[in-house]
Structures are given as C-alpha cells and as structure tokens.
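K.L.:
Residue numbering for the sequence shown follows UniProt numbering, beginning at 1 and increasing consecutively.
Just so you know, even glycine gets a beta-carbon here, dropped at the ideal spot from N, CA and C.
One structure follows; several queries about it will come next.
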Amino acid sequence: MNRLENKVAIVTGAASGMGEATVKLFAAQGAKVIAADINVAGLERVVEEVKAAGGDITAVQVDIGNEEMIQNMIQTAIDTYGKLDILMNNAARLDFQKDVTVKDMDIFEWDETMRYNLKSVMLGIKYALPFMIENGSGSIINTASIGGQVGEMTKSAYAAAKAGVISLTRSTAVQFGKEGIRCNAIAPGMVLPKDRIDNAPDYLTALIDVYKDVKLVDRIGDPMDIANLALFLATDESSFITGQVINADGGMLAQNPTVNAVKNANLSW
Numbered sequence: 001m002n003r004l005e006n007k008v009a010i011v012t013g014a015a016s017g018m019g020e021a022t023v024k025l026f027a028a029q030g031a032k033v034i035a036a037d038i039n040v041a042g043l044e045r046v047v048e049e050v051k052a053a054g055g056d057i058t059a060v061q062v063d064i065g066n067e068e069m070i071q072n073m074i075q076t077a078i079d080t081y082g083k084l085d086i087l088m089n090n091a092a093r094l095d096f097q098k099d100v101t102v103k104d105m106d107i108f109e110w111d112e113t114m115r116y117n118l119k120s121v122m123l124g125i126k127y128a129l130p131f132m133i134e135n136g137s138g139s140i141i142n143t144a145s146i147g148g149q150v151g152e153m154t155k156s157a158y159a160a161a162k163a164g165v166i167s168l169t170r171s172t173a174v175q176f177g178k179e180g181i182r183c184n185a186i187a188p189g190m191v192l193p194k195d196r197i198d199n200a201p202d203y204l205t206a207l208i209d210v211y212k213d214v215k216l217v218d219r220i221g222d223p224m225d226i227a228n229l230a231l232f233l234a235t236d237e238s239s240f241i242t243g244q245v246i247n248a249d250g251g252m253l254a255q256n257p258t259v260n261a262v263k264n265a266n267l268s269w
C-alpha cells in the first residue's frame, strides 16, 4: 500500500525545486495533491508530469503574500477532495541584492520578506487548522532554514523570518497537539537541483564549494532529500514526532565552528 493512500495534501512552491520534488513524491505515494505556486507555466508542467505518471493533482495559482489566495488554496482542497490531511508551507522569497545587513536594510524589503516568509506560513496554518481539527488529525510541515538558527552576514530579514517559522511551528504543535495536529519544520542547508549545479554561474560555483567544505557529506543537498523527509513527516510513521525542527543540512550545524580551521591547519586536540 502506498504510504499516503487516501490522504489529501497541499504543497506550496510546487513549480520547482523542493516543492516540485515533494509534490511528485506525495502523488507517487497515493496522495491527492493540491500544487500551489505563483508560476503558472511551471505548475502546468508539474501537473502534466504527475498526471502522466498516474497521479491525482490539482493546480492552484497562489501568491503567498495574498491572504485571500491562501484561503482559496485551502478551500480548493476541501471543495475538490473533501478534506485536508497535510499542509506543506514551502514557498518563500529571497532577494540577495536587497536583503542585506540590518544597518542597510530597506524597510519595505523587511516587511515584504516577513509577509511572504512568515505571515504566509501563519495564514496557511490558520486557515487549514479548522478543517484538520474537524477531521481529527493533520500534519503541517513548514520549510524553515538553517539560516533561522544562526547569524548571517547578510539575509537579515530572511533569517529572522525563518527563525519566526521555527517558533510558529513549535507554538502550533503545543496549541493543537491534543486535537490531533502535528506540526514540524524542515531546515534545509544549501539545496539545489543537479541541473542548477551543473550550469551554475561562477559566483554560485564558488558558493557551492564553500558549502561543500563545511558539510559532513561531500555534496550539496538535492530537492529529493527534502521531499523524502517531508514524506516521512506527512505519514503516520512519524505520529510521535511534533514540534520539532529537523536540520537537513549535511551535518553543517552539527560540528564545532572551529573544525574546518583546525583541519586546514593540520591541528588536532
């Protein structure tokens, strides 16, 4: 039996990357999937590929900065499939050019980052909860980031928003656990599809090399790494896990910050 047989799932950011990988895996495991994204062309491609593989999928165009569209996304799941079992709040935004240091931060950029990366997650949870509670169960999976757990040289707003997602995840788990709701967060490190790595511009190649050097596994994360973890959290196999932040970062945050400097200096202690 498929691991998500008869389950209904919503995945945001479904037109590419981690969201696309998760949608395809959920559908392959028997879930009826609402694929949500602002990118209509990308959604159409994903829907076509899932249906060609025999999956049950419905596309919804959603700008996660728009509360009404988030409400409509949740309602579409109910109207189309009659219930909602799984919500993965995965979509986010990050502008590397504008999300800079606190001193140089543009207030509009700060507000937009919070609206898209934190408020949108709260709204998704808020509007999904009544249906999940009525159903007696639900698994909410939020995409956080290792950036929400450490200080960043730039990306001040993004990191703060992702820290907020982690706190919101725990609060949701505490507030609604007795009503059958589980809420967990996945915190990826650098995750890129293979074609993006193979065709990376010079600046990204240099960044990939830096990240590979500080990971405990000798590669960059693949979207399927996140999809596989999301699948586990979506199933009853993880029924005793809630309120947790699971780092999918190749061990990046597991080590003493001095490890690489010590290795490079051929020291031991």
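1) Which residue's Cα is closest to the Cα of residue 229: 254, 201, 188, 194?
2) Residue 231 lies in the alpha helix (DSSP H); which residues open and close that run?
3) I need the boundaries of the beta strand (DSSP E) containing residue 115, first residue and last residue.
4) Here's a check: name, in chain order, each residue in its chain whose Cβ is nearer than 7 angstroms to the Cβ of residue 242, leaving out the five neighbours to either side.
5) Return yes when the Cβ of residue 100 is within less than 8 angstroms of the Cβ of residue 76, no when it is not.
6) In three-state terms, what does DSSP make of residue 2?
7) So, with DSSP's three-state summary, where would you put residue 93?
8) Between the region 136–143 and the region 108–118, do three or more beta carbon pairs fall short of 8 angstroms?
9) Excluding the five sequence neighbours on either side, which residues of its own chain have a C-beta within less than 7 angstroms of the C-beta of residue 167, listed in chain order?
10) What separation, rounded to the nearest whole angstrom, lies between the Cα atoms of residue 1 and residue 28?
11) So, with DSSP's three-state summary, where would you put residue 159?
12) Is the beta carbon of residue 70 less than 8 angstroms from the beta carbon of residue 78?
13) If you reduce the DSSP assignment to three classes, tell me which class residue 188 lands in.
P.N.:
Taking the coordinates as given:
1) 188
2) 223–234
3) Looking at the DSSP string, residue 115 is not in any beta strand (DSSP E), and its letter there is neither H nor E.
4) Within the same chain, residue 242 has close Cβ partners 173, 177, 182, 183, 184.
5) no
6) coil
7) coil
8) no
9) So the list is empty, once near-sequence residues are dropped.
10) 11 angstroms
11) For residue 159, the secondary structure class from DSSP, reduced to helix, strand or coil, is helix.
12) no
13) strand
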